[in-house]
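If you're matching them up, the sequences are chains A and B in order.
The first sequence begins at 1 in this note's numbering and counts up by one.
The second sequence begins at 1001 in this note's numbering and counts up by one.
Note that the Cβ used here is the ideal one computed from N, Cα and C, for glycine as well.
There are 2 protein chains.
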Amino acid sequence: MDRRDILQALPFFAGLSERDWEKVIDLFSERQYKKDDYIFLEGEAPEALYVIRTGKVKVLRHSTDGKDVVLRVCGPGNLLGTVAVFDGGGYPGTAQVIEDCSVLAISRNDCLTLVNRYPVFALAVIADLGTRLRSSAEQIRSLAVERVEQRIARVLLKLAESAGSDAPEGRVIEMPLTRQDVADMTGTTVETAIRVMSKFRRQELIKTRRGRVVLVDIPTLQEIAEMR
Amino acid sequence: MDRRDILQALPFFAGLSERDWEKVIDLFSERQYKKDDYIFLEGEAPEALYVIRTGKVKVLRHSTDGKDVVLRVCGPGNLLGTVAVFDGGGYPGTAQVIEDCSVLAISRNDCLTLVNRYPVFALAVIADLGTRLRSSAEQIRSLAVERVEQRIARVLLKLAESAGSDAPEGRVIEMPLTRQDVADMTGTTVETAIRVMSKFRRQELIKTRRGRVVLVDIPTLQEIAEMR
DNA sequence: ATCTGTCTATGATCTTCATCATATTCGGAC
DNA sequence: GTCCGAATATGATGAAGATCATAGACAGAT
């Protein structure tokens, strides 16, 4: 499987004409990262834009007091570093690998050139940013008005939808997730995340096995997420 | 002052060549809104993209239990409805006028055409979305890890910076803000917003007169905002 | 000027969750 | 297997802030 097959399978590159491919393809280079590696750090000057081919990455920010906040979890097809590459400021968050991955990188300069030459890329970038703004808005609302149980139920459901697969026992979230990760995604502490998820497990709403979470009773989880 | 002068003064239209103006200018129509008017509602199909000429608008989401969350506050030069116009989904939030305003509207179709024809507009849209994603990330972090006092101090400082003017008594936030608005911007309740701002007033960090807030002691407010 | 509704104010109480403290379990290294 | 660090578990306690209740201040309408 060469870079071309990889790129063509990604939504980001849909709509590019056959002959334009030749010019585009060589601008991307493949890189591999291991679990826990950093792809870039918050505040760094944007060197490149990344397209995830396989694996999972979380984008997080740390606060002065050591508490981390996970802004998003990305998988195959997602872009990393878009904001910084286009406005030239530092990366707004740190990108850390949660499951070994392979990414395609394009230098900031090449990326800007590409977008100027092929309007279709500009539209793809707009689509990406738009999707993220929608989910940011939802995350803001959730943090602002919902209680911890609701937020955790919501995050589990969202992960199951975007990165889950069906198994006999339920819907499996296909990534290794610690309670700390869940806490950082929902603005709470490890202890509370543990308590809530233990409660979910006792209620037979979820199962957990070696870092993986399985949603057993999705309707009830949805009720909890929508509660009140 | 005709539409042309208005448009040219806005950052969104910088970089457009002289003769392209003729084709662009007629696509925009001016509309006036009064305080508390809705420009569009959450979930509505995107009819148009709006550029604020004068006045202030808040974008908010309501939750099922009646609690509102203010996602952003926009002023002159800001775009409204960008996400929905480009992805075709419903508006992600409700746009409500907080200070009488004049906006320039371009229909969704014309907007899409424009962006396809003039790449500079696509870049302006990308810039707008990027800025908003940065501030969303900051808002998420703030809601996730900071205490109410910090969040309120931070919001006041941000408003003073983006929409403030200097007066002898301090920096004035140039918009009518209720405690409810502040509460909706910081994910808390009216009562708590009132308590915190009363405390700030007693500490002579701020003054309030007829809905306007004046920041008297910015350094101390910054300390509070950065506090752990 | 007086009414009226909205906004601000403040106290009392109750929940939720953070914090602190300690086990216990698990998975990998050796 | 045994050791070890990380992740999970669970209790006790306290603090931040929500909720409920009530009252006063203020701006605009008549």
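Asked: Enumerate in chain order the residues of its own chain whose CB-to-CB distance from Pro1011(B) is below 8 Å, with the five nearest sequence positions on each side excluded.; Found: Gly1077, Ala1124
Asked: So is Gln1139(B) in contact with chain A if we call contact Cβ pairs under 9 Å?; Found: yes
Asked: Which same chain residues end up closer than 6 Å to Val1059(B) when comparing Cβ atoms and leaving out the 5 residues on each side of it in sequence?; Found: Leu1071, Arg1072, Gly1093, Ala1095
Asked: Could you spell out where the beta strand (DSSP E) holding Phe1040(B) opens and where it closes?; Found: 1038-1040
Asked: Check the C-beta distance from Val1182(B) over to Ala1193(B) and give it rounded, since I have them as a contact under 8 Å.; Found: 5 Å
Asked: Checking 9 Å against the spacing of the C-beta atoms, do Asp128(A) and Leu79(A) come in under that value?; Found: yes
Asked: Given that Ala1144(B) touches chain A, what residues does it touch there, using C-beta distances under 7 Å?; Found: Val69, Leu143, Gly187
Asked: Does the contact criterion of 3 or more C-beta pairs under 8 Å hold for the stretch 1102-1118 of chain B versus the stretch 98-110 of chain A?; Found: no
Asked: Assuming Gln1096(B) is part of the beta strand (DSSP E), what are its boundary residues?; Found: 1094-1107
Asked: Residues in the same chain with beta-carbon distance under 7 Å from Ile52(A), minus the five sequence neighbours each way, listed in chain order, please.; Found: Cys74, Gly75, Pro76, Gly77, Asn78, Leu80, Cys101, Val103
Asked: Whole angstroms is fine: what's the gap from Phe28(A)'s alpha carbon to Phe121(A)'s?; Found: 14 Å
Asked: Step through the CB atoms of chain B and report whether any lies within less than 9 Å of the CB of Ile126(A).; Found: yes
Asked: I want to see whether chain A comes within less than 9 Å of Ala949(B), judged by CB atoms only; does it?; Found: The displayed coordinates of chain B run from 1001 to 1228. Any statement about residue 949(B) would go beyond what the structure contains.
Asked: Taking Arg61(A) as the query, report the chain B residues whose CB atoms sit under 7 Å from its CB, ordered along the chain.; Found: Ala1137, Arg1141
Asked: Quick check on Arg1053(B): does DSSP put it in helix, strand or coil?; Found: strand
Asked: Is any beta-carbon of chain A found at less than 9 Å from that of Asn1078(B)?; Found: no
Asked: Judging by CA-CA distance, which residue of Thr1208(B), Glu1204(B), Gly1211(B) is the nearest neighbour of Thr1220(B)?; Found: Glu1204(B)
Asked: Leaving out five residues on either side along the sequence, give the residues of the same chain with a beta carbon under 8 Å from the beta carbon of Val214(A).; Found: Ala167, Glu169, Gly170, Arg171, Val172, Ile173, Ile206, Lys207, Thr208
Asked: Name the DSSP beta bridge partners of Gln222(A), please?; Found: None, per the DSSP bridge assignment.
Asked: With H, G and I counted as helix, E and B as strand and the rest as coil, what does DSSP make of Gln1180(B)?; Found: helix
Asked: Rounding to the nearest angstrom, what Cα-Cα distance links Thr189(A) and Leu41(A) in this structure?; Found: 23 Å
Asked: Taking DSSP as the reference, what is the three-state secondary structure of Val1216(B)?; Found: coil
Asked: Could you name each continuous alpha helix (DSSP H) segment of 4 residues or more that falls completely within the stretch 7-34 of chain A, going from the start of the chain to the end?; Found: 20-25
Asked: Please classify Lys1034(B): is it buried, with 16 or more other beta-carbons within 10 angstroms of its beta-carbon, or exposed?; Found: exposed
Asked: Mind listing the chain A neighbours of Gly947(B)? Cutoff is C-beta to C-beta under 7 Å, in chain order.; Found: As shown, chain B starts at 1001 and ends at 1228. That puts residue 947(B) outside it, with no answer to give.
Asked: Is it true that the CB of Leu1143(B) sits closer than 9 Å to the CB of Leu143(A)?; Found: yes
Asked: Excluding five sequence neighbours on each side, which residues of the same chain lie with their C-beta closer than 7 Å to the C-beta of Ser1165(B)?; Found: Val1172, Glu1174
Asked: What residues in its chain sit with their C-beta under 7 Å from that of Gln32(A), if we drop five residues either side in the sequence?; Found: Ser102
Asked: Of the residues that make up the stretch 92-119 of chain A, which ones have a beta carbon closer than 7 Å to any beta carbon in chain B?; Found: Pro92, Gly93, Asn116, Pro119
Asked: Quick check on Ser1063(B): does DSSP put it in helix, strand or coil?; Found: coil
Asked: Sorted by chain position, which residues of the same chain lie with C-beta nearer than 7 Å to Gln150(A)'s C-beta, five sequence neighbours on each side aside?; Found: Ile224, Ala225, Met227
Asked: For a contact defined as C-beta to C-beta under 7 Å, what are the partners of Leu1157(B) on chain A?; Found: Simply none; closest approach about 16 Å.
Asked: For Met1197(B), which of Val1148(B), Glu1161(B), Lys1158(B), Ala1160(B) has the nearest alpha-carbon?; Found: Val1148(B)
Asked: Below 7 Å on C-beta distance, what does Val1083(B) contact in chain A?; Found: Gly130, Leu133, Arg134
Asked: Name, in chain order, the residues that DSSP records as bridge partners for Val1073(B).; Found: Lys1058(B)
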